[in-house]
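Engineer:
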Amino acid sequence: MTIKSSLLFAIIFSFLACESGEKKAPIAQAVITQKEENPTPQNFNSYWYSGKAEISSYDVKQSRYGEMRDAEVVLVFVTEPFSLSKQVKLDRPKEAGEDKVSVMKLNNVRKFNTGIYDYSILTSTFTPIDSKNHPLTLKSTTSIQEWCGQTYTQLNLDGDNYQFKQFSYLESDGDEEKTLKATLLEEDLMTRIRINNGALALGETSLIPSTIYSRFSHKNMQPETATISKKTIANTLQYTITYTTIERTLTIDVENTFPYKIMKWTEDNGDDLITTATLKSSLHEPYWNQKSVADEAQRDALKLVK
Numbered sequence: 006m007t008i009k010s011s012l013l014f015a016i017i018f019s020f021l022a023c024e025s026g027e028k029k030a031p032i033a034q035a036v037i038t039q040k041e042e043n044p045t046p047q048n049f050n051s052y053w054y055s056g057k058a059e060i061s062s063y064d065v066k067q068s069r070y071g072e073m074r075d076a077e078v079v080l081v082f083v084t085e086p087f088s089l090s091k092q093v094k095l096d097r098p099k100e101a102g103e104d105k106v107s108v109m110k111l112n113n114v115r116k117f118n119t120g121i122y123d124y125s126i127l128t129s130t131f132t133p134i135d136s137k138n139h140p141l142t143l144k145s146t147t148s149i150q151e152w153c154g155q156t157y158t159q160l161n162l163d164g165d166n167y168q169f170k171q172f173s174y175l176e177s178d179g180d181e182e183k184t185l186k187a188t189l190l191e192e193d194l195m196t197r198i199r200i201n202n203g204a205l206a207l208g209e210t211s212l213i214p215s216t217i218y219s220r221f222s223h224k225n226m227q228p229e230t231a232t233i234s235k236k237t238i239a240n241t242l243q244y245t246i247t248y249t250t251i252e253r254t255l256t257i258d259v260e261n262t263f264p265y266k267i268m269k270w271t272e273d274n275g276d277d278l279i280t281t282a283t284l285k286s287s288l289h290e291p292y293w294n295q296k297s298v299a300d301e302a303q304r305d306a307l308k309l310v311k
């Protein structure tokens with residue numbers, strides 16, 4: 006489908022939606038001009054609605070303060086019932102009615118040391134499974150803790166915008182609230198890949214860079230322009246995300262069969278120090294029920310070292 010025909014379809018679709026009186030979620034330009042695939046129901050539902058989460062550990066070489074550090078990342082993918090209005094996980098989803106939406110949640114946990122002190126970073130991203138009616142991620146949060154202090158950043162979808170809030174111990178950052186034009190998030194590229202059978206929309210797009218990048222580089226978070234391309238390498242799909250308005254390039258390697266696990270990724274900010282993450286181990290487990298001392302053996306299965 007060409008960009009011109011996609012735009013025509015989007016215009017017709019929007020007109021019909023208005024005529025029918027239906028309230029539709031805002032559709033970002035980047036979403037409607039590029040094709041994404043729908044999940045295969047049988048495989049997708051049996052895996053993602055099995056009452057389990059996918060937990061994967063990664064060996065990481067992390068660039069920070071001009072040097073490479075040994076690091077570890079854990080990615081936790083799981084589906085959850087989510088409130089459209091409150092943008093939190095629902096306690097009683099059966100009572101939520103039309104306020105309920107199923108999301109793919111990604112908890113991205115990153116830990117590493119810088120000399121004597123350590124960093125601990127957690128990003129949570131909530132992307133609707135139903136991308137046709139809810140094409141944009143509803144919420145993304147990032148907390149960064151290290152010995153100097155902590156920062157917390159949150160994006161909440163509000164119509165055609167993201168409401169941005171940030172709290173920091175640094176005077177230069179301070180506490181900040183602003184509105185950003187709603188578009189794709191770098192934080193949700195991996196959830197989109199998992200939802201869409203390993204597919205990611207290609208071409209030029211508007212993209213809000215990751216919070217980790219924005220905080221580490223002390224850059225204001227705002228939409229940037231990027232180009233997404235793809236090539237096949239052995240049994241993996243490799244996506245390259247090249248920003249044209251900032252100096253940052255990502256690659257994400259995805260297995261080419263269901264469930265399309267994230268095998269590897271790199272982050273290059275133009276300083277010749279490339280952060281690299283490589284899959285170590287993966288489990289499909291209800292980890293929230295595995296909290297006894299005996300369950301610590303699962304950490305060995307994940308090859309966790311921290």
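Just remember that this note's numbering sits 5 ahead of the position in the sequence shown, which is counted from 1.
Each residue gets a CB set at the ideal place from its N, CA and C atoms; glycine is no exception.
This one's a predicted model, so the numbers in the text were calculated from it and none came from an experiment.
Are the beta-carbon atoms belonging to K236 and T245 less than 9 Å from one another?
Structural biologist: Walking along the sequence shown from the start, residue 236 turns up at place 231. Walking along the sequence shown from the start, residue 245 turns up at place 240. Yes, the Cβ-Cβ distance between K236 and T245 is below 9 Å.
Engineer: Nearest to D165 by alpha carbon, out of A58, Q159, V93 and L189?
Structural biologist: Position 160 of the sequence shown, counting from 1, holds the residue named residue 165. When each option's Cα is compared against that of D165, the closest is L189.
Engineer: On the three-state DSSP scale, how would you describe G71?
Structural biologist: Start at 1 with the first residue of the sequence shown, and residue 71 comes out as number 66. Residue state, collapsed to three classes: coil.
Engineer: Which runs of the beta strand (DSSP E) spanning at least 3 residues fall entirely within the segment 271-306, listed in chain order?
Structural biologist: 280-290
Engineer: If contact is defined by three or more beta carbon pairs under 8 Å, each pair taking one atom from either stretch, is the segment 109-119 in contact with the segment 165-185?
Structural biologist: Taking one beta carbon from each stretch, the segment 165-185 and the segment 109-119 have fewer than 3 pairs nearer than 8 Å; the two do not touch.
Engineer: Identify the continuous alpha helix (DSSP H) that holds M195 and give its terminal residues.
Structural biologist: As a first step, residue 195 is located in the sequence shown; it is residue number 190 there, counting from the start. Start and end: L194 to I200.
Engineer: Nearest by alpha-carbon distance to S287: which of L80, K296, G102 and L162 is it?
Structural biologist: Residue 287 sits at position 282 when you count from the first residue of the sequence shown. Of L80, K296, G102 and L162, the residue nearest in Cα terms is L80.
Engineer: State yes or no: is the C-beta of G56 within less than 9 Å of the C-beta of P291?
Structural biologist: Stepping through the sequence shown from its first residue, residue 56 is reached at position 51. Stepping through the sequence shown from its first residue, residue 291 is reached at position 286. Yes; because the gap between Cβ atoms is below 9 Å, this pair is in contact.
Engineer: Check for me: the alpha helix (DSSP H) holding R220 runs from which residue to which?
Structural biologist: For this step, residue 220 is matched to residue 215 along the sequence shown. From DSSP, the alpha helix (DSSP H) with R220 extends over T216 to S222.
Engineer: Do L255 and K285 have their C-beta atoms within less than 9 Å of each other?
Structural biologist: As a first step, residue 255 must be located in the sequence shown, where it is residue number 250. As a first step, residue 285 must be located in the sequence shown, where it is residue number 280. Taking a C-beta distance under 9 Å as the contact criterion, L255 and K285 do not qualify as a contact pair.
Engineer: Below 6 Å CB to CB, which residues in the same chain sit around A101 once its five sequence neighbours on both sides are set aside?
Structural biologist: By one-based count along the sequence shown, residue 101 stands at place 96. Answer for A101: L95, listed in chain order.
Engineer: Beta-carbon separation of E192 and T232 under 9 Å?
Structural biologist: The residue you call residue 192 lines up with position 187 of the sequence shown. The residue you call residue 232 lines up with position 227 of the sequence shown. Not a contact, by the Cβ cut-off of 9 Å.
Engineer: Quick one: any contact between the segment 203-219 and the segment 143-154, if contact means 3 or more CB pairs under 8 Å?
Structural biologist: yes
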